[in-house]
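Under my numbering, the letters of the sequence shown match residues 2 to 357, in that order.
By construction, the Cβ of each residue, glycine as well, lies at the ideal position given by its N, Cα and C atoms.
The model shown is predicted, which means the values in this text are computed figures rather than measured ones.
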Amino acid sequence: MPFLRKGDKVMKKIIITSLSIICILTIIVIYQIRKPKNQLNLIIWSSYMPQSVLDNYEKKTGTHVNMTTYSSPDEMIAKVRAVSPGTYDLVVAPGNDVEILKKVGLLDKLDKSKIPNSKNYAKDWLGLSYDKKNSYSLPYLGSYLALAYNKKKVSPINNYSDLLNPKFKNSEVVVSDARAVIDSALINSDLNVNQLTNENLRSATNFLIALRPNIKALDSDSPHTLLANGEASVGLVYNAEITMAKMANKNIVGVYPSSGIDLQVDNFMKFKNAKGGKNVEKFINYVESAKVFSSIVKEYPYLNPNESAWTYLPNSWKTDPMRNLTAQQLQKAQMPLDIGSKTRVLDKMWNNFVNQ
């Protein structure tokens with residue numbers, strides 16, 4: 002092939018550069034055309050919102066939901082504080098975080114006139130201590146630490162104190178959740194989970210010391226797997242994990258602890274200066290429609306605060322304490338609140354427990 006003259010080489014470079022620029026601009030234009038005009042940025046626990054719900058919402062409304070997940074409340078708060086205000090529009094997080102986020106001025110009030118499906122909530126799930134007028138929050142799902150045991154391997158248990166039995170050495174799976182486990186220790190001694198006096202904390206510490214030899218695994222990712230496959234014969238895990246373990250192994254029994262529970266309610270909250278703020282109430286209203294919410298509970302079997310959703314759910318679930326609580330159980334339940342600087346004390350207790 003004959004050699005190109007210098008001028009031809011320059012012209013070739015110009016043509017190639019021009020074509021590259023045209024291609025890049027074309028890609029940008031196509032992206033902007035296809036990019037959804039309406040978006041909602043949601044931050045939520047991992048494995049807590051079905052992708053099918055988000056896809057169907059986009060089909061119905063044209064609004065695309067960008068979902069960011071977290072695995073602990075501390076991680077959520079760190080992610081929110083690491084970005085500019087308005088990056089996230091909506092968060093689903095525990096009740097005590099309503100207080101924390103409100104205190105630092107990150108929350109906006111919900112316009113409940115735009116959430117007519119809020120009528121679907123069971124009244125016992127509204128007006129809870131962290132937001133008595135539900136000005137800043139509405140419930141999503143509820144959970145609590147319950148007891149589980151394999152009836153083929155061990156005798157029945159009914160309270161937290163049974164977890165301390167030496168015959169369960171190296172056979173228990175316990176969630177890796179400092180606040181929830183320490184609260185369970187406090188409830189075992191009939192103590193208030195929000196009154197963290199030195200005496201109360203000593204009582205909880207003694208419980209943890211006695212519990213440690215019995216723990217085979219601290220697992221918040223998939224504790225139901227250890228129960229289902231028989232690696233653990235006893236558990237202190239979230240109610241939904243017990244339901245999933247029971248689905249895989251008919252010998253697993255879930256127990257509502259006789260001393261009561263530490264009820265965790267995760268809530269929808271709207272961020273201040275949310276760029277997609279106009280879509281927040283619209284999305285909550287969609288999720289809280291009876292049929293949509295029933296599909297969420299079927300996939301993630303936590304406690305259901307949506308009374309209307311029961312129309313589409315099996316009646317047997319209503320009497321299963323792993324799926325539903327009675328009004329009396331709800332009233333008796335304790336709820337973790339913001340404990341301020343005491344959080345550092347609990348963190349130290351937990352680290353000592355884990356490394357024991």
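Relative to the Cα of Tyr-161, the nearest Cα in the group Asn-151, Pro-167, Ser-190 belongs to Ser-190. Taking a contact as a CB-CB distance under 8 Å, the pair Ser-234 and Tyr-150 counts as one, their CB atoms being some 7 Å apart. Judged by DSSP secondary structure, Thr-206 falls outside any beta strand (DSSP E) and instead within the alpha helix (DSSP H) spanning 199 to 212. Membership of Gln-332 in the alpha helix (DSSP H) is indicated by the continuous run 328 to 333. Shown here for Gln-332: same chain residues with a beta carbon closer than 8 Å to its own, the five before and five after excluded, namely Asp-125 in chain order. The count of Cβ pairs closer than 8 Å, one atom from the region 206 to 224 and one from the region 262 to 279, stays below three, leaving the stretches out of contact. Excluding its 5 nearest sequence neighbours in each direction, Ile-243 has C-beta neighbours in its own chain below 8 Å: Ala-147, Ala-149, His-225, Leu-228, Gly-236, Ile-253, Gly-255, Met-323, listed in chain order.
Rounded to whole angstroms, Thr-320 and Ala-83 show a C-alpha spacing of 43 Å.
Taking a cut-off of 8 Å for Cβ pairs, the region 339 to 346 and the region 94 to 114 touch, as three or more such pairs fall below it. With fewer than 16 other Cβ atoms from the protein chains shown falling within 10 Å of its own Cβ, Val-355 counts as exposed. Here Asn-274 has Pro-86, Gly-87 as same chain residues with Cβ atoms under 6 Å from its own Cβ, once five neighbours each way along the sequence are excluded. Per DSSP, the continuous beta strand (DSSP E) segment holding Tyr-141 begins and ends at 138 to 144.
Around the beta-carbon of Asn-193, fewer than 16 other beta-carbon atoms lie within 10 Å, marking it exposed.
Between Lys-217 and Asn-171, the beta carbon gap of about 5 Å places them in contact (Cβ cut-off 8 Å). If you look at Ala-94, you'll find it in the beta strand (DSSP E) that goes 91 to 95.
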